[in-house]
Each structure stands twice: as C-alpha cells, then as structure tokens.
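Visitor: Residue numbers for the sequence shown follow our numbering, so the first one is 12 and each next one is one higher.
The C-beta atom is built at its ideal place from N, Cα and C for all residues, glycine as well.
Questions regarding the structure given below will be posed in turn.
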Amino acid sequence: MKRNKEILLASSNKGKIAEFQKIFVNKNLVSLSDLGIGDAIEDGLSFLENAIKKARHGAKYSGLYSIADDSGLVVPDLNFEPGIYSARYAGSDSTDELNREKLISSIKGSGKDSLDAYYVCIIVGMFNENDPMPIFASGKIHGKVSIYESGEGGFGYDRLFYPRGYSSSMASIESDVKNKISHRGLAASDFINKFNSIEPV
Numbered sequence: 012m013k014r015n016k017e018i019l020l021a022s023s024n025k026g027k028i029a030e031f032q033k034i035f036v037n038k039n040l041v042s043l044s045d046l047g048i049g050d051a052i053e054d055g056l057s058f059l060e061n062a063i064k065k066a067r068h069g070a071k072y073s074g075l076y077s078i079a080d081d082s083g084l085v086v087p088d089l090n091f092e093p094g095i096y097s098a099r100y101a102g103s104d105s106t107d108e109l110n111r112e113k114l115i116s117s118i119k120g121s122g123k124d125s126l127d128a129y130y131v132c133i134i135v136g137m138f139n140e141n142d143p144m145p146i147f148a149s150g151k152i153h154g155k156v157s158i159y160e161s162g163e164g165g166f167g168y169d170r171l172f173y174p175r176g177y178s179s180s181m182a183s184i185e186s187d188v189k190n191k192i193s194h195r196g197l198a199a200s201d202f203i204n205k206f207n208s209i210e211p212v
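As structure tokens, this is what we get:
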C-alpha cells in the first residue's frame, strides 16, 4: 500500500474524526461522511465485534484500507454499563448530553457521587472486506465517573470521567495530552506500530 493513499476512518462521529485526525497526523484519512457512506449496523455483543463490523463495512463500500474503532465507557458497579451502548445509552437518538444525564442518574441511584470506571477502545484495520488477518489494537484508561460535570473539551462522557492520577476531568485536559493518555490514543499508538510494520515503504 502506498503511504499517500487514502485510508478510511469508518466513522461519521465528528468528535471521533477530529481526534483520529490529530493522532494519525501523517496519514491521509477520509471519513464515511466524506464519501457519503452510511454507518454500519452495530449489533455485536462486544467492542471487538462492533469494530470488526465497522471496518468490514467501510472497506466494502469504499474500496479503501479501512480503520474502525469501537470504544466506550464501562462502569463495573453499574453492570458494566454503558459499555457497547455508550453512544446510545439514553436511546437510539440520544445526544452526549442525554447520555451524561442518564449516567449521572445511574450513579446517584447507587447511593454514591462517583464510581470506578474505565474507557476502552478497540481499533481494527482491514485491507478489504475479506481480509482474513485484520490488525487489532486496544487501549484502556482507568479512573472514576462523577455526578459532577466539568470541562468544555472532548465529547461523550469526558466531562464526567476523571482519569486516575488527574484531578481534572478528561474534558479539561489539553488535547495534546489527552491524545497520549486516552484509551483512543493508546490504542492508536499500538495500531500505528503494527500498521507500519506491514505497510510497504
């Protein structure tokens, strides 16, 4: 594969696209939105299954090397919610704000104002829809989720998630730092190393 060839990021999530473009700074990324391709149906039962489905969908309809991630917030004391339903925790048409409101309500229902949690990200890369050996990479960051929101950056649950070792929320951490410590940043770093090892010079 030529290094200047377009690579598809199989997503139409604006926040996710912006983060990936900063992380994959030397890659020529295009998104599903750029190509007018709809999102894949995420009906898997794990982050890995959904990432594979999205990468395969992207490769099939774009003809490009396709990178997809599935990521989310996991709160073990809430029966591992929101988990794979993180983006639609409050319903199929939910927004980040509605999802956070539901999570806050769930935390309060536990009788506490914060709970242990972790963000997880799985990235899959495929040359085409029949690629039998996709690249897999993962990243995880532990911390707590709180009923108190703070910060203006990021997206999703970042205003409620306080990474271990930090006194501020993920939404308050500068993007350059976040892209190094976040679940997505860690998974992307792992993925890039594996991708470069197979990509022809």
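Since S105 and L19 should fall inside the 8 Å C-beta cutoff, what is the C-beta to C-beta distance between them, to a whole number of angstroms?
Guide: Contact doesn't hold; Cβ gap of about 26 Å is too wide.
Visitor: What does DSSP give as the partner residues of V188 in its beta bridges?
Guide: DSSP, once it has assigned bridges, lists no residue as partnering V188.
Visitor: In whole angstroms, what is the alpha-carbon distance linking F206 and N139?
Guide: 15 Å
Visitor: In angstroms, rounded to a whole number, what distance separates the CA positions of P143 and E92?
Guide: 31 Å
Visitor: Sorted by chain position, which residues of the same chain lie with C-beta nearer than 7 Å to R99's C-beta, five sequence neighbours on each side aside?
Guide: S105
Visitor: I52: buried (16+ other C-beta within 10 angstroms of its C-beta) or exposed?
Guide: With fewer than 16 other Cβ atoms within 10 Å, it is exposed.
Visitor: Would L126 and K151 be called neighbours here (beta carbons separated by less than 8 Å)?
Guide: no
Visitor: In terms of residue numbering, what span does the beta strand (DSSP E) encompassing S157 cover?
Guide: 146-157
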